[in-house]
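Structure, as structure tokens:
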Amino acid sequence: IPEIGSCTDITCDNTIKELYECHCCLLVCLNHLTEHVEITKQNKRRLDSVHSQLNIVITTLTLIVEKKLLTIGREQNLIEQAKRFLDALNSSIDEIQNIFEQVNQAIMSDRSEMMVKIEPPSSSEIKDCSCACKYQSPLRNTRSKSKSLICLDAAIDTGIQL
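Read in order, the letters of the sequence shown are residues 782 to 943 in my numbering.
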């Protein structure tokens, strides 16, 4: 049952009209009640749309973060693998060059905007020698280690990058 009085909406004239209680608890005329309801519907649609958009960007960002975490895990594993090659006394040049290329590839793929490229030595830069450094056996003794160091010193003296 409508009441009779002046509409409380500030844009309404002060004439006496039938008033209805709006969702905002104001007594307004039928015209303003319709406007208030329409504004409420529009706001609800906008809110639903913004919620939907927010859910989409949250899902997208979550996927991005998960992918980055997987990449970080792989890269941490690659770092540990490379460190093991550095610590190992029986790694071949091919093994070291392979891990070097893997690390360099990881750097390049993650840092595409940063143009830092470290070139591994090409096979033509590696000179063959008869010492044990090129094909090291796992059963190395201190004598073969000293041969490797001599070979390494020779490579450094000649400017070859290992």
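Glycine is no exception: its CB is placed at the ideal position from the N, C-alpha and C atoms.
**Q.** Straight-line gap, S830 to I888 (C-alpha atoms, nearest Å)
**A.** 40 Å
Q. Can you give the Cα-Cα distance for P783 and N824, rounded to whole angstroms?
A. 26 Å
**Q.** Beta-carbon spacing of T789, L811 below 7 Å
**A.** no
**Q.** Exposure label - H804; buried when at least 16 CB within 10 Å
**A.** exposed
(Q) Please report the distance separating the alpha-carbon of R827 from that of I877. (A) 58 Å
(Q) Counting C-beta neighbours from all protein chains within 10 Å, is the total for S911 16 or more, i.e. buried, or is it exposed? (A) Any reading at S911 needs caution, since the residue's pLDDT is 39, under 50, leaving its predicted position unreliable; the model's value is listed next. Exposed, since its Cβ has fewer than 16 Cβ neighbours within 10 Å.
Q) Comparing the C-beta of I791 with each C-beta of chain D, is any distance below 7 Å? A) Considering every chain present, this structure includes no chain D. It has just one protein chain.
Q: Whole angstroms is fine: what's the gap from N871's alpha carbon to K849's?
A: 33 Å
(Q) Going by the DSSP bridge assignment, what does G786 pair with across the sheet? (A) K798
Q. Do you know offhand how far C806's Cα is from H817's?
A. 11 Å
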